[in-house]
Amino acid sequence: MKKSTYEKCFSKTSLKLSWERVISSVGADAKDYFGIGVFSRNTDIVLEELSKLIISEKYQPKRPFKYFEPKKSGTQRTKTVLNIEDALVFQAISNHIAELEYSNLNETNESVFGSVLNKDVSKGIKLLDEEPENFYFFEFYVEPYNRFINSINEILESGQVTHILETDITGFFDTIPHSTILLELKNRNIDTKILELLSKCLNVWSGTRDSATYGVGIPQGPAGSFLIANIILDSLDRFAIKKGLHYYRFMDDIRIYGKSRNELIQNLVQIDRHLKSKSLCLNSKKTQIELIDEHNSGKEKVLDDYGISVEKENKEEISREILEQNNTQFGEQEDSFETLNSKEYIPIYKSALKEYEKKLKQFYKRKVNNDFWLIETSEMRDFLTNSQKWRTVIRILKDEIDYNPSKSMIDIWLFGIRAFNWKTNNFVWNLQLYENLTDYYEKVFSVFYVFNEYEWVQYQILSIFKEASYLNLDQKQQFLQAIPKTESPLVRLGYFKILLQTITTDTRFFQSVAELIKEEKNAYVKNSILDSINRSHFKIPIETLKNWFL
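Just so we're aligned: 481 in the UniProt record's numbering is position 481 of the sequence shown, and the numbers increase by one with no gaps anywhere.
Written out as structure tokens, the structure is:
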């Protein structure tokens, strides 16, 4: 009997492709690692069971774990971690849509640069037979981002434009109506039965940790949401292209260039009207039209292959192997590292490190006592770029010569967290390169308590100590006492991860931790604790584990 579209979408083979894409996706902060661990033990069996469950229409989506991540503006976005079954279902639907819509979406790639589909998505399940190097759903962001920047720089250099309109969409992911999504996909001939399941899922997955928002919003984190976002804005892209506008979009960051303010105001009115027809609104606070001059050239730096911003004409500023490789994005790459001996490359790295530290310290001295909101965007980018390059060089030196980073930089990383809290993880990665932060414990937590309203920042700061065996009993006791007082499940998880790493199982203190784990009500936190135990191979008695989790 011929399979229906619905059955093909959720076949075991289709779910296998979903599995490959979910585990290889770059969104590490939106993965159910516990569920991935469970599924990885008997992947074929559980995928077949899930396929039967969906096709028999007995599958029910579950309410996901959600947390709040800060934005540069001071507001916070809700990030969603779908459980593994739901992640696979959403990816299967997204694979089906992407396969059908790849050619259509590819038509606007000269103007659209965010979450650009990997060309392999057009192959569907046939890709499984090819054993590709990767199963990425989207192109690695560096290449489309550089196309975005180069396209903008080209129009600026042409002399054809004098003004820039910049805008974005208010609460984009949180405000997209499900009716708009379903109508758009129905018009693209997506199977009705698949849309009915998607509608059910979105209603369960939407909203914040406190409540669902029925009928509106898509979960931020999963790749499928970025695909849906691009499909919703596809008609806007085509509208702008048809009118011949100098239009460039990177997700909901929209830029249009023109010859006069009046021209751009007319464009703004038309775009605003078009978006309102989709029940979306432009962010008036972020909408501005400016004259392009020597103080506001609109030009930006391109990124190198590793996501570090560089001057276009100076991409060989330092040797390629100094730059950081993101293993979730790239396969193995050839480089010339082996052609250099230690006498040649160690001095190069040390010289580069000295230069980065000099620039970072100069910035810190100028800004440490100033209001953070006075820091210009270009200065912020330079600081972040030099911080990343510092981290990359330190990692290489630690591997090659057992190098210890300078403690004179610790205050700078703590300053970075306070000044650019939405980039906290970048500075935490730097602090994790120090073997012992005992002398800075109080300083770290003075920053930690500044961000009582920002759970993601606090969670990141706690991860500085995740392997800190040097913590004394009083410090561990502080963590233990903080857990029941903490409303954020994400922060509680941060405390638990530290304590599990730094205590032994045959102590009274361990029993106190065990009681708190047993009392923990949030399923995601408990599952993440169990995942940490499995990953770290902690020798915790099986009876204790049963007491915690059964």
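Glycine is no exception: its CB is placed at the ideal position from the N, C-alpha and C atoms.
- A straight line joining the alpha-carbon of Ser351 with that of Pro405 spans about 14 Å.
- With fewer than 16 other beta carbons inside 10 angstroms of its own, Trp373 counts as exposed.
- Nearest C-alpha to Val393 among Trp413, Leu433, Ile375 and Asn370: Leu433.
- Take the alpha-carbon of Lys16 and the one of Asp44: they are about 8 Å apart.
- Pro177 is bridged by DSSP to Val216.
- Nearest to Val216 by alpha-carbon distance, out of Ser199, Lys242, Gln266 and Lys62, is Ser199.
- Using a 10 angstroms sphere on the CB of Leu291, the tally of other CB atoms stays under 16, which defines it as exposed.
- Distance between Glu519 and Glu20, taken at the CA atoms: about 35 Å.
- Unbroken beta strand (DSSP E) runs of no fewer than 3 residues, entirely contained in the region 52–86, are found at 65–70 and 76–81, following chain order.
- Distance between Asn522 and Ala514, taken at the CA atoms: about 15 Å.
- Counting every other CB atom within 10 Å of its CB across the protein chains shown gives Lys31 a total of 16 or more, marking it as buried.
- Counting C-beta pairs closer than 8 Å gives three or more between the region 88–98 and the region 185–204, which meets the contact rule.
- Contact between the region 226–236 and the region 272–287 is established, with three or more Cβ pairs separated by less than 8 Å.
- Under the DSSP assignment, Leu165 falls in the beta strand (DSSP E) whose first and last residues are His163 to Thr167.
- Cβ-Cβ separation between Val491 and Phe415: approximately 22 Å, too far for a contact (criterion under 8 Å).
- A straight-line Cα-Cα distance of about 24 Å links Tyr59 and Lys79.
- The Cβ-Cβ distance between Ile412 and Val444 does not fall below 8 Å.
- Here Asp371 carries a coil assignment [DSSP, helix/strand/coil].
- Per DSSP, the unbroken alpha helix (DSSP H) holding Tyr495 starts and ends at Pro489 to Thr502.
- Scanning Leu227, Trp390 and Ser18 for the CA closest to the CA of Asp252 turns up Leu227.
- Contact annotation: Trp429 and Arg391 have beta-carbon atoms nearer than 8 Å.
- If the five residues before and after Asp174 are omitted, its C-beta is found closer than 6 Å to the C-beta atoms of Gly217, all from its own chain and listed in chain order.
- Annotation note: the region 354–425 contains the following uninterrupted alpha helix (DSSP H) runs of length 4 or greater, listed N- to C-terminal: 377–401 and 410–419.
- For Val161, the closest C-alpha among the options Asn262, Ser446, Ile529 and Phe420 is that of Asn262.
- Residue pairing for Gln475: DSSP places it in no beta bridge.
- Counting only unbroken stretches of 3 or more residues, the beta strand (DSSP E) elements lying wholly within the region 239–300 are 246–250, 253–258 and 288–291, in sequence order.
- Annotation: Glu131 is outside any alpha helix (DSSP H) and is labelled neither H nor E by DSSP.
- Distances from the CA of Val38 to each of Tyr470, Asn83 and Thr108 were compared; the closest alpha carbon is that of Asn83.
- Residue pairing by DSSP places Phe34 opposite no residue, since no beta bridge is assigned to it.
- For Leu195, the enclosing alpha helix (DSSP H) covers residues Thr192 to Trp205.
- With three or more CB-CB distances shorter than 8 Å, the region 7–16 counts as touching the region 46–55.
- Counting only the Cα atoms, Lys365 lies some 53 Å from Glu99.
- Bounds of the alpha helix (DSSP H) holding Ala523 are Ala523 to Ser536.
- In terms of Cβ geometry, Leu275 and Leu165 do not form a close pair [threshold 8 Å].
- Spanning the alpha carbons of Tyr349 and Arg418 requires a straight line of approximately 28 Å.
- Selection Phe427, Ser387, Trp548 and Arg209 evaluated against Ser488 yields Arg209 as nearest (Cα-Cα).
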